[in-house]
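Those letters in the first sequence? Residues 1 to 950, by the UniProt record's numbering. A quick write-up on the structure given underneath.
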Amino acid sequence: MTTTPQHSASTTESGHRYTSELAERIELRWQDRWESEGTFDAPNPVGDLAEDGAAERLEGDKYFIMDMFPYPSGAGLHVGHPLGYIATDVVGRYRRMRGDNVLHALGYDAFGLPAELYAVQTGRHPRETTLENIANMRRQLRRLGLGHDPRRSFATIDPDFVRWTQWIFLQIFNAWYDEELDRARPISELIEEFENGARDVPGGAVWADLSAKERADVIDGYRLAYLSEAPVNWAPGLGTVLANEEVTADGRSERGNFPVFRRNLKQWQMRITAYADRLLDDLDRVDWPEPVKLMQRNWIGRSHGAHVQFEVPGIDEPIVVFTTRPDTLFGASYMVLAPEHDLVEALTTDAWPEGTDARWTGGAATPAEAIAGYRAAAAAKSDVERQENKEKTGVFTGSFAINPVNGERIPVFVADYVLMGYGTGAIMAVPGHDERDFEFAESFGLPTPRVVQGEGEDALPFTGDGVAVNSANDEVSLNGLTVADAKSRIIAWLEEKGQGEGTTTYRLRDWLFSRQRYWGEPFPIVYDENDVPIALPESMLPVDLPDVPDYSPRTYAPDDAESEPEPPLARVREWVEVELDLGDGPKRYRRETNTMPNWAGSSWYELRYTDPHNRDRLADPANEKYWLGPRTPGGTGGVDLYVGGVEHAVLHLLYARFWHKVLFDLGHVTSEEPFHRLFNQGYIQAYAYTDVRGTYVPADEVTEADDGTYWYNGERVEREYGKMGKSLKNVVTPDEMYEAYGADTFRVYEMSMGPLDVSRPWETRAVVGSQRFLQRVWRLVVDEETGATRVTDDALAPATLGVLHRTIDGVRGDMEELRFNTAIAKLIELTNHLTKESVTGRAAIEPLVKMLAPFAPHLAEELWERLGHTETITYAPYPEADAQYLVAEQVTCVVQVQGKVRGKLQVSPDVSDDELTALALAEPNVVRTIDGREIRKVIVRAPKLVNVVV
RNA sequence: GCCGGGUUGGCGGAAUGGUAGACGCGAUGGUCUCAAAAACCAUUGUCCGCAAGGGCGUGCGGGUUCGAAUCCCGCACCCGGCACCA
């Protein structure tokens, strides 16, 4: 296989052929013109982007399209990157022709670790290299002819953008979640409620009696952004904590492959868990792919169940467990606490009780020794290591708890199959009806009573549906009840006895929001002499990053788990130590030295597109409402179409929804969701080839032999399929495509390769098909010999009218559904028809050019101009199908015998059933196939089908 | 292990209960040309047949239906997410 682009041999031919050179001249000319005329500028209702005379455009429909904005990598683009950008551009151009006011722009997600690491290597400031990368990317993308409003582009590192990212952080910091009203409210209202006694101070204290520090601590416990000591991923070799997504499955850092340890460190968290229910429930109100909704639902992981208290004689505090199966409470035969659970120490007895099973002791002489050993071993393991070994291990604490429903004494264990981070970190074990508990019980010789009986089932553990058995005490009986009924019965009983209550827990955890990095947004936070975090006033925003001597955090030996992170900013003393007047005179403060994670900017950027230059607000309410506000009663509002890869299904999309909802609660936006419709594009993949040593060889120099083997330099190589990447030596760049074919051909090819949501392999040699198509369209309008326009005002033949209007009808449907591959196929068919019939009538050519415009906009503009138009085709009305031409004069009717096609008839579309039956039964081949057999039934679906059953 | 998506010519794909393979690549033959490239025309699922026509065919096995790539049941394989979540 050769993937070297074929250069069109045009220099030797007349200058009127649509070659790559001509395409380039056309494309550059129109790109300049679009820019100078502001063709894609979208008017705003108010502010600096409002326009005189735009009232009409603002009154009609609006359409806000967004791409998941790119990270400006230094490597440049390959042909896979623009796929989504081309698709959204096609949609935007189509909507403009439909009369919508279209907002489409592209910003840059420019903070992040790669730029910082590059800065560490080169010593150059990441801002410098990042801005260079953005400039290079802008150049590559401009050459694609994307219809973006350039005035609305920004980068998340722009001080003006950072300012609002920090402003939003302050909004979140200064807000708390009111569970009763089920929305966030300003923290000032909480303080007011404490002051006037409308709300009880936690712990029963009197507000007025508390010191300033104590009050701050109480308030901080409510904030939606708060500091807490939390277990985080600490990579000493990198010198930074990492987000979960930056840690590989085997517990190492994605970058650098350093070991990662779980450490308790004081970090910023966002109280996203307060929004768990709304984030979950509002998924039903947005138009997203079902798999993405499901991933978010699973991630949030809401489960209904109960908290149940188990008393332990001699211990003040009961063990509280969470269970989703309170109906199996009578079957609880032991308990398990996570190794990190607070009560473990209190539960650990001095000596093994009389007759303790040898398997329970871990071979230790006393419970204290066994527990200490077990906890130490658990602590030394990473989460991943813990999960690797699925064999159940654990040790007995020496204590027994009392099962509240039957008073039975059940042993309490510590085992690492119970996780501290979920539920209460303690469980009641029901081995009869839980596979994990069953395994543990088997290893430790514990009883496995049955309390649920399924129909026709007799093996334990049984986790299916059934009715409760052996589940009664003097006061309550579950026997005979279904699982669901038994749950509500026992919860009612527990609540009555004060032994537990129905509850809901979530898998979702609060969002770790700080990083020990240089290249991120600084927090607008300082600490006073009591270490109380204090928000900087809006007037002090943005807090700029100081220049630092070294962009790298302090790094350690990769396995030095006990080392402490030291962010680069902490080393800039003159920046950290600052004197400010925050209302009570100039005082010394200490700045927060962590920075925000890469997700911050992308959590609200949809808002900034609507009002990108606003100095006073993150977006004027009128602009936000116009572009994002709900258009139907009860709607969520949000971006009309958001296109991007499925890899952001959970994190980015969840974070952005969370911030948007906080801003909604606080009255800053009218939309409840950031993205109303989401579409996941597929990826362009590529083949890569390795030689016998496993080294990648240049893919474009590999040839395929007739027997399907692959060869490079006379050596056999193996083919693999996957990503395009420098190290895989299989990168094809847009620049190569512009050079060899032009941007329009590249765009058409990418859109015609297959459905947008499916990944597919890149094949350079197939691009020529799209070029041939555009050349045929070109020839319909332009005489290649003379360059003259060939279009006439000739009337169209009936057959052409039919093809044309059926094409318009079909293409419109495809455009609405984003089926660009089939839309292009229909345009090719129309073009082939017009070519074959030598049609030159304007009435056929102009609709074709218009329908082509979203895909090949430069070519369409050029042809449109040659057809005599002086205005851009961008706002020319999209063709409409005339119903009278949609019905063909003759249709093909298929005649089947026993469901197999045996003949075809040309009939009028309004043929009657009887007529059609008669025609079908007279068809010679049908007669021969029936061969005199008795006709039992004739199914007629006039005018398309007749099926004869014999 | 659980959840989700997928499997159609040599290749990318089309068809969502009614002509399987639209459109494109590649391949083969032809026109033009001194020749080649480009362009254009024709053929191209597979097997049998001179042809007319017929058999087989949408991962595998079953079912529903006059009729199934499409709906249902079971299985295999590939891709993605989650993974001791109580």
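Ideal Cβ positions, reconstructed from N, Cα and C, are used throughout, including at glycine.
Q: Tell me the start and end of each unbroken beta strand (DSSP E) in the region 856-909 that is at least 3 residues and wholly inside, in chain order.
A: 891-897 and 900-907
Q. So is E192 buried or exposed if we call it buried at 16+ other beta carbons inside 10 Å?
A. exposed
Q) P461 by DSSP, collapsed to three states: which one? A) coil
Q.
I believe V418 touches L545 by the beta-carbon criterion, under 8 Å. Please report the beta-carbon distance rounded to the nearest angstrom.
A. Not quite, the Cβ-Cβ distance comes to about 43 Å (not below 8 Å), so this is no contact.
Q) Going straight from the alpha carbon of P291 to that of R819, what length do you get? A) 20 Å
Q: Decide if the region 483-490 is in contact with the region 317-332; the criterion is three or more beta carbon pairs, one per stretch, under 8 Å apart.
A: yes
Q: Report the option in V232, E871, P82 and D109 whose CA atom is closest to the CA atom of E562.
A: V232
Q. Helix, strand or coil: which one does DSSP assign to P533?
A. strand
Q.
Using CA atoms only, rank isn't needed, just tell me which of E701, E340, W268 and S477 is closest to F523.
A. W268
Q.
Can you confirm whether the region 122-141 touches the region 86-98 when touching is taken to mean that 3 or more C-beta pairs between the two stretches lie within less than 8 Å?
A. no
Q. Within 6 Å: the Cβ of P734 and any heavy atom of the ligand ADP?
A. The ligand ADP is absent from the structure shown, which contains no ligand whatsoever.
(Q) With DSSP as the reference, identify every bridge partner of W288, one or two as the case may be. (A) BP columns for W288 are empty, so no partner.
Q) If you compare alpha carbons, which of G454, T872 and I172 is closest to S36? A) T872
Q. Closest to D640 by CA distance: which of H648, F679 and D665 is it?
A. F679
Q.
I'd like to know whether the C-beta atoms of R57 and P43 end up nearer to each other than 7 Å.
A. yes
Q) Mapping DSSP to helix, strand and coil, what is L653? A) helix
Q | Segments of 3+ residues assigned as beta strand (DSSP E) that fall wholly inside the region 727-766 | A | none
Q: Note down, in chain order, each residue of its chain lying with its Cβ closer than 7 Å to the Cβ of G362, except the 5 sequence neighbours on either side.
A: A370, G373, Y374 and V395
Q | Inter-residue Cα distance where the pair is Y551 and A740 | A | 41 Å
Q. Is M596 near E521, with beta carbons less than 7 Å apart?
A. yes
Q.
Can you give me the C-alpha to C-alpha distance between P924 and R902, rounded to a whole angstrom?
A. 9 Å
(Q) Taking the alpha carbon of P857 as the reference point, which residue from L28, A468 and D160 has its own alpha carbon closest? (A) L28
Q.
Tell me the DSSP secondary structure of H104 in three-state form.
A. strand
Q.
Are the CB atoms of T240 and R517 within a distance shorter than 7 Å?
A. yes
(Q) What does the Cβ neighbour count give for D182, buried or exposed, with the cut at 16 atoms within 10 Å? (A) exposed
Q) Is the region 795-812 touching the region 747-758, taking contact as three or more C-beta pairs under 8 Å? A) no
Q) Are there 16 or more other CB atoms within 10 angstroms of the CB of N947, so buried, or fewer, so exposed? A) buried
Q.
Comparing C-alpha positions only, which one of Y885, F413 and R409 sits nearest to A346?
A. F413
**Q.** Under 7 Å between C-beta atoms of L460 and A468
**A.** no
Q. Is V811 helix, strand or coil when you go by DSSP?
A. helix
Q: Kindly list the residues whose CB is nearer than 6 Å to the CB of D178, restricted to its own chain and excluding five residues on each side of it in sequence; keep chain order.
A: R185
(Q) Our contact map puts Y689 next to Y712 with C-beta atoms below 8 Å; I'd like the distance itself, whole angstroms only. (A) 6 Å
Q: Measure the CB-CB distance between residue 958 and F322 and report whether it falls below 7 Å.
A: Residue 958 is absent from the model: the chain starts at 1 and stops at 950.
Q. Looking at the structure shown, is I187 part of a helix, part of a strand, or coil, going by DSSP?
A. helix
**Q.** Rounded straight-line distance, which links the Cα of G60 to that of V950
**A.** 59 Å
Q.
Please classify N598 as buried or exposed, where buried requires at least 16 neighbouring CB atoms within 10 angstroms.
A. buried
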